[in-house]
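Peer 1: Position one of the sequence shown corresponds to residue 0 (numbering that gives the first Met the number 0), numbered consecutively onward. Quick one: the structure is below, and I'll ask about it shortly.
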Amino acid sequence: MAEHPELQFESQPALRQPHLVVAWAGWNDAGEAASTAARYMAATMDAEPFASIDPEEFYDFTEARPLARYRDGEREIMWPSTDFYAVPLPTQDHDAILAVGIEPNFRWKRYMGAMQQLMTTMDVRLVVTLGAVASGVPHTQAVRISGSANTPALAARFAMHPSRYEGPTGIVGVFHDACRRADVSGVSLWAAVPHYLPGIANPRGARALLERLGEISGLPVDFERLGRQERRFDERVRAAMEESSELSAYVQQLEEAVEEEAPAAAKPAELPSAEGLIEDLEKFLRRNRDDEAEERP
Numbered sequence: 000m001a002e003h004p005e006l007q008f009e010s011q012p013a014l015r016q017p018h019l020v021v022a023w024a025g026w027n028d029a030g031e032a033a034s035t036a037a038r039y040m041a042a043t044m045d046a047e048p049f050a051s052i053d054p055e056e057f058y059d060f061t062e063a064r065p066l067a068r069y070r071d072g073e074r075e076i077m078w079p080s081t082d083f084y085a086v087p088l089p090t091q092d093h094d095a096i097l098a099v100g101i102e103p104n105f106r107w108k109r110y111m112g113a114m115q116q117l118m119t120t121m122d123v124r125l126v127v128t129l130g131a132v133a134s135g136v137p138h139t140q141a142v143r144i145s146g147s148a149n150t151p152a153l154a155a156r157f158a159m160h161p162s163r164y165e166g167p168t169g170i171v172g173v174f175h176d177a178c179r180r181a182d183v184s185g186v187s188l189w190a191a192v193p194h195y196l197p198g199i200a201n202p203r204g205a206r207a208l209l210e211r212l213g214e215i216s217g218l219p220v221d222f223e224r225l226g227r228q229e230r231r232f233d234e235r236v237r238a239a240m241e242e243s244s245e246l247s248a249y250v251q252q253l254e255e256a257v258e259e260e261a262p263a264a265a266k267p268a269e270l271p272s273a274e275g276l277i278e279d280l281e282k283f284l285r286r287n288r289d290d291e292a293e294e295r296p
């Protein structure tokens with residue numbers, strides 16, 4: 000395998016048959032459910048950073064802009080990157096690696112090479128990716144999680160099926176193809192989140208992903224902080240519905256559609272007036288954008 004200097008190790012922890020859990024912000028992350036779940040794990044678990052992929056070759060910094068932050072009285076620039084964390088799991092027969100990144104803009108094949116080098120170096124035994132799709136589902140009902148596996152044995156073990164999706168794909172699909180070619184077992188988890196709540200982190204989708212991930216990889220997640228985020232999320236959406244009769248009526252249509260159809264086949268109801276709904280949602284987002292950042296891990 001070609002060397003990939005973009006993959007930079009700060010240390011190389013000794014991990015037992017690790018499972019690699021990956022989430023990318025971007026196209027495969029509706030409602031930021033996957034990236035919220037990954038950031039939450041990094042912030043609340045015994046996760047130690049040990050490696051990263053240098054962003055220089057992979058991002059358009061006018062699209063994925065660096066962030067300026069003040070820490071200990073000093074200003075620093077946080078560049079978009081893919082960061083890897085070691086997560087010991089003493090009660091399991093394996094440990095975990097958490098990867099948190101942003102879907103790259105350029106050179107996906109080279110980026111995949113860096114990911115494969117990480118998996119080879121750390122002897123990764125199982126990959127689990129987290130993703131979320133915008134769907135015609137109401138926020139008032141439990142978040143549905145779907146999943147697929149790249150081997151019959153995994154599919155049977157976790158009651159999944161091989162992916163039969165055809166069409167445009169994001170970095171998650173490309174990564175699973177790379178795993179298949181490298182003979183690395185992989186599972187893909189997807190949360191269905193409401194499409195009418197754009198631009199706001201959905202902690203309910205994050206929780207559903209984390210709960211299913213726990214069943215697969217045995218990751219012990221403490222949901223206390225996430226529970227507080229969920230309650231605030233519910234309060235905000237409830238307030239938005241009280242202000243908008245169109246939004247409230249639309250959610251009711253979705254609830255009725257889910258009741259009438261099979262759980263996995265619910266389709267979006269007809270949208271109300273686009274202008275009115277978007278205006279209501281923009282007001283909702285403006286009102287809550289400032290304090291949303293404070294709640295994220």
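All C-beta atoms, glycine included, are put in the ideal place defined by N, C-alpha and C.
(1) Tell me Tyr69's beta-bridge partners as DSSP assigns them.
(2) Using the Cβ count rule (16 or more neighbours within 10 Å means buried), how would you classify Ala85?
(3) Would you mind giving the Cβ-Cβ distance between Leu212 and Val20, rounded to the nearest angstrom? I have them listed as a contact below 8 angstroms.
(4) Could you give the DSSP three-state label for Ala85: helix, strand or coil?
(5) Return the chain-ordered list of same chain residues with a C-beta closer than 6 angstroms to the C-beta of Pro138, the five sequence neighbours on each side being excluded.
(6) In three-state DSSP terms, what is Glu56?
(7) Does Glu255 come out as helix, strand or coil in the three-state DSSP assignment?
(8) Under 6 angstroms Cβ to Cβ from Leu125, same chain only, skipping five residues before and after it: list those, please.
(9) Thinking C-beta only, is Asp82 closer than 8 angstroms to Gly48?
(10) DSSP on Asp233, reduced to helix/strand/coil?
(11) Report yes or no: do the region 50–66 and the region 149–157 share at least 3 C-beta pairs separated by less than 8 angstroms?
(12) Below 8 angstroms, can you find three or more Cβ-Cβ pairs linking the region 91–102 to the region 34–47?
Peer 2: Taking the structure as given:
(1) Your numbering for residue 69 matches position 70 in the sequence shown. The partner list for Tyr69 (beta bridge, DSSP) reads Arg74.
(2) Looking up residue 85 in the sequence shown gives position 86. Buried: at least 16 other Cβ atoms inside 10 Å.
(3) By 1-based counting over the sequence shown, the position of residue 212 is 213. By 1-based counting over the sequence shown, the position of residue 20 is 21. The Cβ separation is near 7 angstroms, so the contact holds.
(4) Indexing the sequence shown from 1 puts residue 85 at position 86. Note: Ala85 maps to strand in three-state DSSP.
(5) Here residue 138 refers to the residue found at position 139 of the sequence shown. The sequence shown places His at residue 138, not Pro. Around His138: Pro193 and Val236.
(6) Translated into the one-based positions of the sequence shown, residue 56 becomes position 57. Coil, per DSSP.
(7) Within the sequence shown, numbered from 1, the residue matching residue 255 stands at position 256. If DSSP states are grouped into helix, strand and coil, Glu255 belongs with the helices.
(8) Along the sequence shown, one-based indexing puts residue 125 at 126. The residues are His18 and Ser184.
(9) In the sequence shown, counting from the first residue as 1, residue 48 sits at position 49. In the sequence shown, counting from the first residue as 1, residue 82 sits at position 83. Note that residue 48 is Pro in the sequence shown, not Gly. It is a contact, given that the beta carbons lie within the stated cut-off.
(10) Along the sequence shown, one-based indexing puts residue 233 at 234. Annotated three-state conformation of Asp233 is helix, per DSSP.
(11) With the cut-off at 8 angstroms, the region 50–66 and the region 149–157 do not touch.
(12) By the Cβ criterion, the region 91–102 is in contact with the region 34–47, since at least three pairs of Cβ atoms, one from each stretch, lie closer than 8 angstroms.
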